[in-house]
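Have a look at the structure below before the remarks.
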Ligand SMILES: Nc1ncnc2c1ncn2[C@@H]1O[C@H](COP(=O)(O)OP(=O)(O)O)[C@@H](O)[C@H]1O
Ligand SMILES: [Mg+2]
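Residue numbers (my numbering): 28 to 517.
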């Protein structure tokens, strides 16, 4: 594989999966488990507090009686402890000899009674001392016989003096067990989940990266100029969408490629024919015995061929400039009528040769926003066609008008009409064997569209007519007619 281990999509995704899961479990482990532990402890403490509050008066009256026996006291203490499942140790406060309030360290305790008749009793004198001093219940933690305990010391008063402290204690072992159980299960689940994430992430990512690689290879083929079969689109997700776009791109590129090759082939053919013919005539002219009249005839034909070559070269140059987008257009308000009159004037000799006259309908103040030179070029192409592709004496009308907010310029003739109103705009399309190379209308359309305009042909038995539409204001809606549909790829 060309990628470093960490640079492959597959490994990255698997690692990301892994990372997210690890983070999730860490949060559970570091926040939820300790929270659970302290919640359980709080609950136990709350239980002890409730117990202490409920049994306070019982203990006070029990310890307050002068005539109470040790057995009675033990039985009372055991009853309270048993009812709540906690251990209760009753501590007596040793009388201090000194006057005034003693400090916490100075208070001494002795065991008065314990709910379990054992020699060892849990004592937490510091908690008891604080309870005695503050006269309020004080919670605490301790260990006894290897067990963790939660404790509550409650002062018991006798005639306004704290004589006893009840120390309630309860084992935390069951809570610790619960926490350990949860922690172990969590660790096990994390292990399994991480493994699954690693394998699953790896597999998912592998499938993804396989599809990406297929696209990459396809793109490499296309980049190398080889066109491949469309890639299969096997899903509707983003990658499927990308594959579809890739296929479409390839289709377009292929079309452009074919059109380019066709164009080059046709152009070189168009160039070769007159050059060969010229070569032939040159050879013939080298013959010394040629009479003057034949020589003249040959020279005339040669001049015609040269003119055709010149026109072709200019047209090809125009088209390639248009294709490369290097034709700079300067759009300005142009009086279409005035411009058309000038161009029609240029054609006076050709019109005379054609044995006809131009009928002009050119009102003033038909303004279009366009490039004057380029529009003049389009007008010349249309007028040239109307005279070139129609029989002598054919009536030709040139008109300008406003149409739906656009400026329109029309050349209409009464000639044979058009074989196909779309095809005439194709590059190198020539309907009759006259001298043109079939580039005029292709250039005209390209120019019109560059100026946000359009050009459309109509041609029945009554003759052909070509209409150029141009915007009258910036960003003026482009009047799309049939002209922009069904164009050949070029
Ligand atoms: N006014 C017209 N009347 C009849 N046919 C026309 C007319 N204008 C164009 N055509 C047809 O369209 C073809 C393409 O025109 P054009 O692109 O100008 O190329 P060219 O004039 O060099 O042949 C012409 O060969 C001709 O067959
Ligand atoms: Mg032409």
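Heads up, the beta-carbon is just placed ideally off N, CA and C, and yes, glycines get one too. As the structure is a computational prediction, the values presented were derived from the model and not from experiment.
Check                                                                                                                                  : Outcome
Residue 119 (DSSP reduced to helix, strand or coil)                                                                                    : strand
Pair within 8 Å by beta-carbon distance, residue 440 and residue 413                                                                   : yes
Same chain only: Cβ atoms within 6 Å of residue 58, ignoring 5 sequence neighbours per side                                            : none
Residue 482 - partner residues in DSSP beta bridges                                                                                    : 495
Residues near residue 89 in its chain [Cβ-Cβ closer than 7 Å; skip 5 each side]                                                        : 95, 100, 103
Proximity test, residue 443 beta-carbon vs ligand 1 heavy atom, cut-off 7 Å                                                            : yes
From 44, 74, 423, 470, residue whose alpha carbon lies closest to that of residue 228                                                  : 44
Residue 334 at chain D interface by Cβ criterion, 8 Å                                                                                  : Judged by its chain identifiers, the structure shown contains no chain D, having just a single protein chain.
Exposed unless 16 or more other CB atoms sit within 10 angstroms - verdict on residue 276                                              : exposed
Which of helix, strand or coil DSSP assigns to residue 171                                                                             : strand
Where the beta strand (DSSP E) through residue 152 begins and ends                                                                     : From DSSP, residue 152 is part of no beta strand (DSSP E) but of the alpha helix (DSSP H) over 152 to 161.
Ligand 1 heavy atom lying under 7 Å from the CB of residue 468                                                                         : yes
Inter-stretch contact at 8 Å, needing at least 3 Cβ pairs: the region 203 to 214 / the region 184 to 194                               : no
Of the listed residues 332, 430, 56, 290, nearest to residue 584 (C-alpha basis)                                                       : The chain is shown only over 28 to 517; residue 584 falls outside these bounds and no answer can be derived.
Cβ-heavy atom distance, residue 267 to ligand 1, below 7 Å                                                                             : no
Distance cut-off 7 Å: residue 408 Cβ against heavy atoms of ligand 2                                                                   : yes
Other residues of its chain near residue 37: CB distance less than 8 Å, five sequence neighbours each side excluded                    : 229, 232, 233, 235, 236
Short Cβ contact (8 Å threshold) for residue 455 with residue 467                                                                      : no
Assigned secondary structure, residue 138 (DSSP; H/G/I helix, E/B strand, else coil)                                                   : strand
Between the CA atoms of residue 138 and residue 146 - distance to the nearest angstrom                                                 : 10 Å
Contacts around residue 311, its chain only, beta-carbon distance under 8 Å, and the 5 residues preceding and following it disregarded : 317, 325
Beta-carbon spacing of residue 82, residue 107 below 8 Å                                                                               : yes
Complete alpha helix (DSSP H) runs within the region 186 to 221 (minimum length 4 residues, chain order)                               : none
Residue from 262, 55, 110 whose Cα sits closest to the Cα of residue 195                                                               : 110
Residue 294 burial status per 10 Å Cβ neighbour count (16 or more: buried)                                                             : buried
Simplified DSSP state of residue 249, which is helix, strand or coil                                                                   : helix
Residues sharing a beta bridge with residue 453, DSSP                                                                                  : Note: residue 453 sits in no beta bridge, so no partner.
Closest Cα partner of residue 158 within the set 174, 444, 130                                                                         : 130
Buried versus exposed, by CB contacts within 10 Å (16 or more), residue 436                                                            : buried
C-alpha distance - residue 391 paired with residue 330, whole-angstrom precision                                                       : 40 Å
Nearest residue (CA-CA) to residue 502, options 359, 457, 407, 429                                                                     : 359
Residue closest to residue 404, alpha-carbon to alpha-carbon, out of 98, 285, 472                                                      : 472
Near ligand 2: residue 447 beta-carbon under 7 Å from a heavy atom                                                                     : no
Where residue 496 falls, given that 16 or more other Cβ within 10 Å makes a residue buried                                             : buried
Which listed residue (367, 301, 434, 426) has its alpha carbon closest to that of residue 407                                          : 367
Through-space distance from residue 337 to residue 255, alpha-carbon basis                                                             : 40 Å
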